[in-house]
Amino acid sequence: MLNVLYVVATFIATVIGALAGIGGGIVLKAMTDIFSPDSVQVISFYTTVVVFTMCLVSIVKQIKSGFKYDLPMLLEISVGSLVGGYIGDSLLTVLLRYFPENKVQLTQSIILFLTLIFLIIYTRAMPQRKHVEKPHWLSSFGLGVFLGAISIFLAIGGGPLNVSLLVICFGFTLRDAAIYSIASIFFSQLSKIYTIVMANDYSRYDLGLVPWLAVIAIIGGYIGTTLSQRLSIKMLAILYNVFMIMLAVLTLFSVGRHL
1 MLNVLYVVAT FIATVIGALA GIGGGIVLKA MTDIFSPDSV QVISFYTTVV
51 VFTMCLVSIV KQIKSGFKYD LPMLLEISVG SLVGGYIGDS LLTVLLRYFP
101 ENKVQLTQSI ILFLTLIFLI IYTRAMPQRK HVEKPHWLSS FGLGVFLGAI
151 SIFLAIGGGP LNVSLLVICF GFTLRDAAIY SIASIFFSQL SKIYTIVMAN
201 DYSRYDLGLV PWLAVIAIIG GYIGTTLSQR LSIKMLAILY NVFMIMLAVL
251 TLFSVGRHL
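In terms of full-length UniProt numbering, the sequence shown is residues 1 to 259.
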């Protein structure tokens with residue numbers, strides 16, 4: 001029954017994530033915190049599978065559309081995200097070693113709630129910032145480290161947070177920010193997958209569920225993207241705000257559950 005809930009949650013999360021542009025990972029994390037009795041690390045593993053699958057699909061789409069990018073900056077953010085992913089996973093492992101799991105889940109839920117509130121407020125204000133043509137490599141690398149660490153620590157993928165911070169820090173358009181966001185997500189999740197493979201301990205995971213999650217993530221993402229293309233920008237903005245508020249409420253409920 002739990003596996004069915006994971007599959008249904010993955011479908012809903014990927015459809016909503018692709019439809020409203022909020023990312024399937026952040027939706028799935030908010031949902032699994034409500035129904036799943038699994039450990040933080042197990043939930044994080046399943047979320048990684050879904051997010052990495054959606055990221056690969058996004059990369060294929062970007063390649064087909066012939067996207068443009070600044071190669072040095074792409075590499076700086078990517079390497080930073082790879083390092084950040086390792087830091088985020090290590091931090092999570094250390095906290096789970098020294099603190100009760102429900103306290104770690106509480107910490108994740110509080111940070112996720114604050115992240116959602118930030119995104120809701122930011123998208124309503126949407127400040128204009130001058131585009132930074134050639135950011136210093138340390139700033140690009142540092143942002144990559146932060147994005148990679150927070151996305152892996154919270155097990156959210158990080159799509160909307162990545163885009164928002166790239167716009168705030170470097171004045172990117174949403175379209176350009178999405179390209180660098182995908183790179184950040186790919187390498188941070190790759191770092192997480194590497195640590196899982198190196199640990200060589202799969203007994204805690206239901207590996208039979210993994211292909212289902214991957215396939216459902218692709219189907220859900222495709223349906224969400226198709227629906228998104230048929231809706232007006234105004235309607236998408238409304239859906240974005242509605243879903244973000246719903247996620248914030250779900251996360252707040254999760255905070256109360258772990259207190």
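Glycine included, C-beta positions come from ideal geometry on N, C-alpha and C. All values derive from a computational prediction rather than experimental measurement.
Rounded distance between the beta-carbons of Tyr205 and Phe35, thought under 8 Å: No, Phe35 and Tyr205 are not in contact; Cβ-Cβ is about 18 Å, not under 8 Å.
Nearest-angstrom Cβ-Cβ length linking Phe153 and Leu91, presumed shorter than 8 Å: 6 Å
6 Å Cβ shell around Val51 - same chain, five flanking residues per side excluded: Gly25, Gly157, Gln189
Enclosing alpha helix (DSSP H) for Asp38 [first to last residue]: Neither: Asp38 is in no alpha helix (DSSP H) and is coded neither H nor E.
Burial state of Thr251 (16 or more Cβ within 10 Å): buried
First through last residue of the alpha helix (DSSP H) which encompasses Leu207: Neither: Leu207 is in no alpha helix (DSSP H) and is coded neither H nor E.
At least three beta-carbon pairs within less than 8 Å, the stretch 98–115 to the stretch 208–217: no
Candidates Ile168, Asp38, Lys61: closest to Ile218 by CA position: Lys61
Three-state class that DSSP yields for Phe99 in the structure shown: coil
Whole-number beta carbon distance between Ser109 and Ser254, since they are thought to touch under 8 Å: 4 Å
Reduced DSSP secondary structure (H/G/I, E/B, other) of Thr195: helix
Cβ-based neighbour list, Thr48, same chain, cut-off 6 Å, excluding 5 preceding and 5 following: Gln189, Lys192
Own chain, CB closer than 6 Å to Val15, minus 5 neighbours either side, in chain order: Gly220, Ile223, Gly224
Assigned exposure category for Gly208 - 16 Cβ within 10 Å defines buried: exposed
Anticipated Cβ contact below 8 Å, Leu161 with Tyr180, distance rounded: Incorrect: roughly 13 Å between the Cβ atoms, too far for contact.
Distance, Tyr86 Cα to Ala183 Cα: 15 Å
Reference Asn241; option with closest CA among Gly159, Val145, Tyr122, Tyr194: Tyr122
Three-state class that DSSP yields for Pro160 in the structure shown: helix
CB of Val27 within 8 Å of CB of Ala18, strictly: no
Short Cβ contact (8 Å threshold) for Gly144 with Val79: yes
Sequence-distant residues of its chain with Cβ nearer than 7 Å to Ile196 (five each side left out): Phe45
Ser164 vs Leu119 beta-carbon contact at 8 Å: yes
Test item: CB-CB of Ala149 and Gly84 under 8 Å: yes
Pick from Thr32, Ser232, Met198, Ile238 that is closest to residue 291, judged by C-alpha positions: No answer is possible for residue 291: it lies beyond the span of the chain, which begins at 1 and ends at 259.
Pick from His136, Cys169, Lys134 that is closest to Leu147, judged by C-alpha positions: Cys169
Minimum length 4: unbroken alpha helix (DSSP H) runs contained in the stretch 7–95: 24–35, 40–65
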